[in-house]
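Report on the following structure.
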Amino acid sequence: MVYRWIGSIVGMLLSLFWIITAWLSSGRTMFALFFLMLVVHIVCGYLLGRRYEIIQQMAYHDSLTGMLSHRRFLDMLEKEIERAERYDYPVTLMFLDLDDFKKYNDTHGHMAGDRLLCHFARVLQETVRNHDEVGRWGGEEFVILLPHTDTQQSLLVGERLRANIAREMNGVTASIGIATFPVHARTSNELALCADKLMYEAKKTKNCMVAGS
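For the sequence shown, the working numbering begins at 518 and goes up steadily by one.
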């Protein structure tokens, strides 16, 4: 929305310049023409701003689920870790993977698999807090960024997630890996690697959580 109005304002200012010029140098006909140009500039500026927002949305969000894209999530994770280091607070990262997703795809088809991923993403988004971030890491892997959250607090979030997944997804389960800055890692990349590794540990049992110690 911001870019739409920026485009409109720029178009309006350009047109106002021409209108003032026309008013000073021409009659009513020319003034009316330049007034029409004002309207056209505003509309074009608004549409260009809207187009930019659509492109930005596509770059920042996963096209299937609407969650943050891999690259955008990494950017936000890096910035959050920088803030956490500066202001001394914990940040927890969760990696979640749908159990037996390949088997589900083979049994029900890829369209059903896509619907399952979208449903899973909605359950995650509806379970976490407003200031938490949910992203799609790739395939059936999702990630959740929990600012101001230590490992013990994140385990409570994880149990709530598991309960909601069990209730909402008809027997589908997920494995969860949990790592916390600065206890288990000192950088965003290290935190992601740690949480990812712990998730794969959880997948050995399935339908469980494994947190860093």
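Yeah, the Cβ is synthetic: ideal placement off N, Cα and C, and Gly gets one too.
**Request:** List the endpoints of the continuous beta strand (DSSP E) containing T671.
**Result:** Translated into positions along the sequence shown, residue 671 becomes position 154. Looking at the sequence shown, residue 671 is not Thr but Ser. First-last for S671: 668-685, but that is the alpha helix (DSSP H), not the beta strand (DSSP E).
**Message:** Does E597 come out as helix, strand or coil in the three-state DSSP assignment?
**Reply:** Residue mapping note: residue 597 aligns to position 80 of the sequence shown, counting from 1. E597 falls in the helix class under three-state DSSP.
**Request:** Verify whether the separation of the beta carbon atoms of M611 and I682 is less than 8 Å.
**Result:** Here residue 611 refers to the residue found at position 94 of the sequence shown. Here residue 682 refers to the residue found at position 165 of the sequence shown. No, these two residues do not count as a Cβ contact at 8 Å.
**Prompt:** Do M584 and R653 come within 8 Å of each other at the CB atom, strictly closer than that value?
**Reply:** Looking up residue 653 in the sequence shown gives position 136. Looking up residue 584 in the sequence shown gives position 67. Yes, they are a contact pair.
**Request:** Report the three-state DSSP secondary structure of R603 (helix, strand or coil).
**Result:** Locating residue 603 in the sequence shown gives position 86, where the first residue counts as 1. Helix, per DSSP.
**Asked** If you compare alpha carbons, which of V727, L615, K620, I598 is closest to L708?
**Response** Within the sequence shown, the letter at position 191 stands for residue 708. With distances taken between Cα atoms, L708 lies closest to I598.
**Asked** Can you give the Cα-Cα distance for Y569 and D649, rounded to whole angstroms?
**Response** Residue numbering aside, residue 569 sits at position 52 when the sequence shown is read from its first letter. Residue numbering aside, residue 649 sits at position 132 when the sequence shown is read from its first letter. For Y569, the pLDDT reaches just 49, beneath the cut-off of 50, and the residue's location in the model is therefore unreliable, leaving the point undetermined.
**Request:** Go through its chain and collect everything with a Cβ distance to H636's Cβ below 7 Å, but skip five positions before and after it.
**Result:** For the purposes of this step, residue 636 is taken as the residue at position 119 of the sequence shown. Hits under 7 Å: M686.
**Cβ-Cβ distance between A728 and T668 below 8 Å** = Your numbering for residue 728 matches position 211 in the sequence shown. Your numbering for residue 668 matches position 151 in the sequence shown. Yes, these two residues count as a Cβ contact at 8 Å.
**Prompt:** By DSSP, does T609 sit in helix, in strand, or in coil?
**Reply:** Counting from 1 along the sequence shown, the entry for residue 609 is found at position 92. Correct three-state label for T609: strand.
**Prompt:** Could you give the distance in angstroms between the alpha-carbon of G581 and the alpha-carbon of K596?
**Reply:** Translated into the one-based positions of the sequence shown, residue 581 becomes position 64. Translated into the one-based positions of the sequence shown, residue 596 becomes position 79. Strictly speaking, residue 581 in this sequence is Leu, with Gly absent from that position. Answer to the nearest angstrom: the Cα atoms are 25 Å apart.
**Asked** So what's V660 in DSSP terms, helix, strand or just coil?
**Response** For the purposes of this step, residue 660 is taken as residue 143 along the sequence shown, with counting starting at 1. V660 sits in a strand when the DSSP states are folded into three classes.
**Message:** Whether or not the region 712-721 and the region 611-630 are in contact is what I'm after, with contact meaning three or more pairs of Cβ atoms, one per stretch, closer than 8 Å; do they touch?
**Reply:** yes
**Prompt:** Can you tell me the Cα-Cα spacing of G626 and G688, whole angstroms?
**Reply:** Residue numbering aside, residue 626 sits at position 109 when the sequence shown is read from its first letter. Residue numbering aside, residue 688 sits at position 171 when the sequence shown is read from its first letter. For G626 and G688, the distance between alpha carbons rounds to 17 Å.
**Message:** I'd like to check one pair, L663 with V608: are the Cβ atoms closer than 8 Å?
**Reply:** Here residue 608 corresponds to residue number 91 of the sequence shown, with the count starting at 1. Here residue 663 corresponds to residue number 146 of the sequence shown, with the count starting at 1. Contact: yes.
**DSSP state of M738 mapped onto helix, strand, coil** = The structure shown does not extend to residue 738, since the chain spans only 518 to 730, so no value can be given for it.
**Message:** Would V674 and V651 qualify as a contact pair, given that the criterion is a beta-carbon distance under 8 Å?
**Reply:** Along the sequence shown, read from residue 1 onward, the residue named residue 674 stands at position 157. Along the sequence shown, read from residue 1 onward, the residue named residue 651 stands at position 134. In this structure, V651 does not lie closer than 8 Å to V674 by Cβ.
**Item:** Inter-residue spacing [alpha-carbon to alpha-carbon] between F659 and A638
**Value:** Here residue 659 corresponds to residue number 142 of the sequence shown, with the count starting at 1. Here residue 638 corresponds to residue number 121 of the sequence shown, with the count starting at 1. Whole-angstrom Cα-Cα distance: 8 Å.
**Message:** Taking the alpha helix (DSSP H) that V640 belongs to, which residues open and close that run?
**Reply:** As a first step, residue 640 is located in the sequence shown; it is residue number 123 there, counting from the start. Run containing V640: 627-644, per the alpha helix (DSSP H) assignment.
**Message:** At the level of alpha carbons, what is the spacing between T690 and R703?
**Reply:** The sequence position of residue 690 within the sequence shown is 173, counting from 1. The sequence position of residue 703 within the sequence shown is 186, counting from 1. Going by the C-alpha atoms only, they are around 30 Å apart.
**Request:** Just mark A712 as buried or exposed, buried being the case when its beta carbon has 16 or more other beta carbons within 10 Å.
**Result:** Numbered from its first residue, the sequence shown carries residue 712 at position 195. So A712 ends up on the buried side.
**Request:** Give the secondary structure of D713 by DSSP, where H, G and I count as helix, E and B as strand, and everything else as coil.
**Result:** Translated into positions along the sequence shown, residue 713 becomes position 196. Residue state, collapsed to three classes: helix.
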